[in-house]
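A.B. asks: Just so you know, numbering that gives the first Met the number 0 puts 20 at position 21 of the sequence shown, and the rest follows in order with no gaps.
Quick one: the structure is below, questions incoming.
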Amino acid sequence: MKNNEELRNWLDAFGLSHPLVIAGPCSAETEKQVLKIAHQLKDTDATVLRAGIWKPRTRPGNFEGVGALGLKWLQKAKEETGMFIATEVANAVHVDLALQHDVDVLWIGARSTVSPFIVQEIAEALRGTDKIILVKNPVNPDLSLWLGAVERLYTADIKNLGVIHRGFSTYEKTRYRNIPEWQLAVDLQNRFPDLPLILDPSHIAGRRDIIFDLCQTALDLNYDGLMVETHHNPDEAWSDAKQQITPERLRQIMKDLRIRKVMDDEAEFQNELNKLRTQIDVIDHQLIETLGKRMKVADGIGTLKKTKNVAVLQNKRWNEILGKMILEGEQNNLSEEFVLRLFKAIHQESIAHQERILNHR
Ligand code: PEP
Ligand code: MN
Numbered sequence: 000m001k002n003n004e005e006l007r008n009w010l011d012a013f014g015l016s017h018p019l020v021i022a023g024p025c026s027a028e029t030e031k032q033v034l035k036i037a038h039q040l041k042d043t044d045a046t047v048l049r050a051g052i053w054k055p056r057t058r059p060g061n062f063e064g065v066g067a068l069g070l071k072w073l074q075k076a077k078e079e080t081g082m083f084i085a086t087e088v089a090n091a092v093h094v095d096l097a098l099q100h101d102v103d104v105l106w107i108g109a110r111s112t113v114s115p116f117i118v119q120e121i122a123e124a125l126r127g128t129d130k131i132i133l134v135k136n137p138v139n140p141d142l143s144l145w146l147g148a149v150e151r152l153y154t155a156d157i158k159n160l161g162v163i164h165r166g167f168s169t170y171e172k173t174r175y176r177n178i179p180e181w182q183l184a185v186d187l188q189n190r191f192p193d194l195p196l197i198l199d200p201s202h203i204a205g206r207r208d209i210i211f212d213l214c215q216t217a218l219d220l221n222y223d224g225l226m227v228e229t230h231h232n233p234d235e236a237w238s239d240a241k242q243q244i245t246p247e248r249l250r251q252i253m254k255d256l257r258i259r260k261v262m263d264d265e266a267e268f269q270n271e272l273n274k275l276r277t278q279i280d281v282i283d284h285q286l287i288e289t290l291g292k293r294m295k296v297a298d299g300i301g302t303l304k305k306t307k308n309v310a311v312l313q314n315k316r317w318n319e320i321l322g323k324m325i326l327e328g329e330q331n332n333l334s335e336e337f338v339l340r341l342f343k344a345i346h347q348e349s350i351a352h353q354e355r356i357l358n359h360r
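So, in structure tokens, the structure goes:
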């Protein structure tokens, strides 16, 4: 079994090009299930076995975890496979029990990070620990809450800290269960550059088919690790069945990922370039999505205008928009000429959309 110093070294190693892989079921269900998955994970790159024991469910009536009993199963899995073990803690009692059972990695879930009271309670219970503590982003895209949780843990003298990007809840229907906010995670990293950053593609995706792409984006953005929900029989999982993958699939994903290695100045340059390019790709993607949304609203206006037979082009309104955007553009370092050209193009597209609605329905 590894001692604390080795654990610390291991955390230091987070910054290396090879990603840390945490894998295992959303929930520990039975001893047999935990052991089976742990043994199957031996053939993969996963070095940490995760399993939720206390499950925060948004709605009551769902499986809420097996409780402290599951910690014994995790310990057994550790003895049998040599993997580190990880579980979620959501209050001081959980922390005490997890520490008593020598859990190596404790993570704070998204529903806990939103509560400064809970985070403070957990931080106090963990004070001075050498264990690795990972903080998931809060459910809502609020950088201060995430930063605040990290600060509370640092203040409690916890040195082996990392963060997990698991996506953010949104009212809108998107292809994700929780949308990734890559820029927000980059902002967090800029504030704490040494903090290892891990991606949880499972809770972002909510489904299996986009796990690979999310992992690749994370590696392109120089993430330090991945936490992937993995189950020997995903369809039968007691929680989050749709998003879990088999250990075999995880092995394949890790094989197919392009893992970037920092080896020399040239590689470092390439790495930095790729990271920035991926950021640009993410922002461009958001731009297109935002423009699509704007056109949908314009369509709605077109439909409304049709009911009253109102003209498409409203010059006064258009000039107001333009004036406002030129000012905002200046504040964002964008030239007047550029903003004018951009908004003319957007306006033209809106008009085309509205005309289609007025004339063809
Ligand atoms: C989990 O990891 O199983 C979990 C409940 O995650 P989150 O806090 O991100 O919802
Ligand atoms: Mn889950």
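Think of the CB as a built atom: it goes at the ideal place given N, C-alpha and C, for glycine as much as any other residue.
For the beta strand (DSSP E) holding Leu133, just list the boundary residues, first then last.
C.D. replies: Ile131 to Lys135
A.B. asks: Is the beta carbon of His202 within less than 7 Å of some heavy atom of the ligand MN?
C.D. replies: yes
A.B. asks: Hey, out of Val20, Leu19, Lys343 and Arg49, whose CA is closest to His230's CA?
C.D. replies: Looking only at Val20, Leu19, Lys343 and Arg49, the smallest Cα-Cα distance to His230 is reached by Arg49.
A.B. asks: Can you check DSSP and say which residues form a bridge with Leu198?
C.D. replies: His164 and Leu225
A.B. asks: Using a Cβ-Cβ cut-off of 6 Å (strictly less than) and excluding sequence neighbours within five positions of Lys71, which residues of its own chain qualify?
C.D. replies: none
A.B. asks: Out of Ile117, Asp44, Thr29 and His38, point me to the one whose CA is closest to Gly51's CA.
C.D. replies: Thr29
A.B. asks: How do the region 138-146 and the region 98-107 stand: do at least 3 beta-carbon pairs fall below 8 Å, yes or no?
C.D. replies: no
A.B. asks: Considering only DSSP beta bridges, list what Gly23 is partnered with.
C.D. replies: Glu228
A.B. asks: Counting C-beta neighbours from all protein chains within 10 Å, is the total for Phe337 16 or more, i.e. buried, or is it exposed?
C.D. replies: exposed
A.B. asks: Compute the beta-carbon to beta-carbon distance between Pro246 and Ile21, rounded to the nearest angstrom, for a pair I have assumed lies under 8 Å.
C.D. replies: The pair is not a contact, with the Cβ atoms about 13 Å apart (cut-off 8 Å).
A.B. asks: Are the region 196-204 and the region 165-177 touching by the rule of at least three beta carbon pairs closer than 8 Å?
C.D. replies: yes
A.B. asks: Taking the alpha carbon of Phe83 as the point to measure from, which residue in Thr306, Asp199 and Asp101 has its own alpha carbon closest?
C.D. replies: Asp101
A.B. asks: Where Val162 and Leu196 are concerned, what is the direct C-alpha to C-alpha distance, given to the nearest angstrom?
C.D. replies: 5 Å
A.B. asks: What residue does the beta strand (DSSP E) around Ile107 start on, and which one ends it?
C.D. replies: Val104 to Ile107
A.B. asks: Quick one: what does DSSP say Thr128 is sitting in, helix, strand or coil?
C.D. replies: coil
A.B. asks: Less than 6 Å between C-beta atoms, sequence neighbours within five positions excluded: which residues of the same chain meet that for Pro18?
C.D. replies: Gly224 and Leu225
A.B. asks: What does the Cβ neighbour count give for Asp239, buried or exposed, with the cut at 16 atoms within 10 Å?
C.D. replies: buried
A.B. asks: Go to Glu335, then tell me how far its alpha helix (DSSP H) extends in each direction, as first and last residue.
C.D. replies: For Glu335, the enclosing alpha helix (DSSP H) starts and ends at Glu335 to His359.
A.B. asks: Excluding the 5 residues preceding and the 5 following Leu198 in the sequence, name in chain order all residues of the same chain whose CB lies nearer than 6 Å to its CB.
C.D. replies: His164, Ala217, Tyr222 and Leu225
A.B. asks: Can you grab the Cα-Cα spacing for the pair Val65 / His38, in whole Å?
C.D. replies: 20 Å
A.B. asks: Count the other C-beta atoms from every protein chain shown that fall within 10 angstroms of the C-beta of Arg250, then say buried if there are 16 or more, exposed otherwise.
C.D. replies: The residue in question, Arg250, is buried, as its Cβ has 16 or more Cβ neighbours within 10 Å.
A.B. asks: Are there any heavy atoms of the ligand MN lying less than 7 Å away from the beta-carbon of Glu78, as far as the coordinates show?
C.D. replies: no
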